[in-house]
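In our numbering, the protein residues as written are 31 to 96. Here a beta-carbon is modelled for each residue, glycine too, at the ideal position from N, C-alpha and C. Values in this document were obtained by computation on a predicted structure and should not be read as measured data. Worksheet: one structure, shown below.
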C-alpha cells in the first residue's frame, strides 16, 4: 500500500524474492504464518517489476500492483 501511495507502484525487486523465500521456508518448516499476506506481497512485487520491464506508465503500474 505504501508503494502505491508514495512510490507510484514501484516495489523494489528484492522484496518479492526475499519474501517468497522466507515465506516458503517458514510455511515449509511448519511455522504458523498465513499464506495470503506473502502471496499478495510477492505478487505485487512481480507486477511492479513487470510494469517496469515493459515500460508501462505509472498509472498502469499502480493498477497492476493494486
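May I ask which residues mark the beginning and end of the alpha helix (DSSP H) holding residue i?
i, result
"residue 53", "44 to 58"
Nearest CA to the CA of residue i: which residue from the options?
i, options, result
"residue 52", "38, 67, 85", "67"
"residue 45", "88, 90, 76", "76"
"residue 47", "83, 86, 73, 59", "73"
Since residue i and residue j should fall inside the 8 Å C-beta cutoff, what is the C-beta to C-beta distance between them, to a whole number of angstroms?
i, j, result
"residue 92", "residue 41", "Contact flag wrong, Cβ pair sits at about 11 Å."
"residue 39", "residue 88", "7 Å"
"residue 55", "residue 79", "The pair is not a contact, with the Cβ atoms about 22 Å apart (cut-off 8 Å)."
Please classify residue i as buried or exposed, where buried requires at least 16 other C-beta atoms within 10 Å of its C-beta.
i, result
"residue 90", "exposed"
"residue 81", "buried"
Three-state secondary structure (DSSP) at residue i?
i, result
"residue 68", "helix"
"residue 38", "coil"
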